[in-house]
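Each residue of the sequence shown is one higher than the last, beginning at 57 in the working numbering.
Even glycine gets a Cβ: it sits at the ideal position worked out from N, Cα and C.
All values reported here derive from a predicted model rather than from experimental measurement.
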Amino acid sequence: MDRPDAGADRAHGSVGVVMSAMNRPGNFSMKLNAQASPARSLLKASLLAAVFLAATAGSVEAQQFSADLVAKKDETTTALGRLRVSDGKVRLEAAAWPDGFFLIDIAGPAAYFVRPGARVFMDAKQSSPLTGMFAPVDPNDPCRQWLAMAQLSAPTDLATWRCQHDHEETVAGRKMDVYRVAAPSSTFLGWVDREHKFPVQIKTEDGTMITAEHIRDELQPAQTFEIPAGMRKFDPKALIQRIKQSDVWVAQPDSE
């Protein structure tokens with residue numbers, strides 16, 4: 057596996073070759089001098105930019121893939137849905153929520169449930185435990201991202217929330233780091249795939265194993281991870297408050 061800065065080294069090396077060639081007498085007739093024409097200067101700049109972009113394209117490309125989520129417990133297998141991942145974002149289409157999909161952006165962090173048919177979206181909160189488990193992570197410290205997602209869904213007591221490396225394991229030929237996350241609300245084991253920077257397997261407290269199967273390394277359209285234009289944000293708390301202030305709200309009678 058290349059170092060994180062290996063792409064930059066390759067880029068600098070390629071640019072250095074071009075710069076060296078440009079400064080050699082007779083090479084491409086492009087040696088810098090005080091009488092160089094504007095056209096030549098523009099050509100040199102364009103060539104340099106093209107080489108730099110070509111050399112660095114591979115190093116900045118984010119891991120993108122899609123997979124099917126499947127839950128297994130005892131002898132029962134259940135299809136939970138499908139997920140798409142790209143550059144720290146996830147689109148989760150859950151079978152339990154057929155009228156919409158979840159969007160996760162770990163950089164925010166943010167998690168929304170989008171209902172295209174109703175033209176609304178809302179904070180996901182605790183709508184699905186899957187959003188708190190299947191989020192992009194730093195393979196060297198996934199606990200930070202899991203904690204961020206836990207805090208996003210509900211108030212989290214840091215005194216009772218725990219996350220630690222448990223062991224290493226090889227699954228389907230892939231090296232995995234297994235972490236144990238424990239909290240009053242839920243406890244699970246997460247298998248982190250270092251290549252995909254994602255937990256591809258989760259084991260919940262009741263023994264259910266949820267796995268990202270049929271992983272397909274493929275480009276994902278950017279709009280897949282965006283809230284469609286024209287959607288309005290739905291706030292359940294604000295709706296309840298408006299109802300309370302209207303004639304529709306009927307207070308419960310005092311008990312006798």
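Own chain residues within Cβ distance below 8 Å of residue i, not counting five before or after
| i | result |
| --- | --- |
| E224 | K231, M232, D233 and V234 |
| L136 | L125, V126, A127, A150, A151, A152, L186 and I266 |
| R218 | R236, V237, A238 and A239 |
| N271 | The residue asked about is misnamed: residue 271 is Ile in this sequence, not Asn. So the qualifying residues of the chain are F121, S122, A123, H252 and V256. |
| D222 | V234, Y235, R236 and L245 |
| E261 | S242, T243 and F244 |
| Q51 | Examination of residue 51 is not possible in this model, given that the chain is present from 57 through 312 alone. |
Neighbourhood of residue i by C-beta distance below 6 Å, restricted to the same chain and skipping five residues each side
| i | result |
| --- | --- |
| F169 | G156, F158, M178, A180 and S183 |
| I162 | G144, A191, P192 and Q201 |
| Q120 | S142, L275 and Q276 |
| R250 | P195 |
| L214 | none |
Test item: CB-CB of residue i and residue j under 8 Å
| i | j | result |
| --- | --- | --- |
| A210 | Q201 | no |
| E274 | V126 | no |
| L208 | P255 | no |
| Q257 | V227 | yes |
| K289 | P195 | no |
| I160 | V146 | yes |
| M189 | G246 | yes |
| L148 | S122 | no |
| V248 | V193 | yes |
Option in the options with minimal Cα separation from residue i
| i | options | result |
| --- | --- | --- |
| T216 | W153, G229, G263 and A239 | A239 |
| P154 | A174, A163 and A167 | A174 |
Exposure of residue i, with buried meaning 16 or more beta-carbon neighbours within 10 Å
| i | result |
| --- | --- |
| S242 | exposed |
| I283 | exposed |
| T134 | exposed |
| L203 | buried |
| V206 | Looking at the sequence provided, one finds Ala at residue 206 rather than Val. Label assigned to A206: buried. |
| G229 | exposed |
| A285 | exposed |
| P172 | exposed |
| A167 | buried |
Cβ-Cβ separation, residue j to residue i (assumed contact under 8 Å), whole Å
| i | j | result |
| --- | --- | --- |
| K259 | F281 | No, K259 and F281 are not in contact; Cβ-Cβ is about 27 Å, not under 8 Å. |
| T212 | K129 | Rounded, the Cβ-Cβ distance is 27 Å, inconsistent with contact. |
Any non-hydrogen atom of the ligand COA within 7 Å of residue i CB
| i | result |
| --- | --- |
| S142 | Although the ligand COA was asked about, the structure shown includes no ligands whatsoever. |
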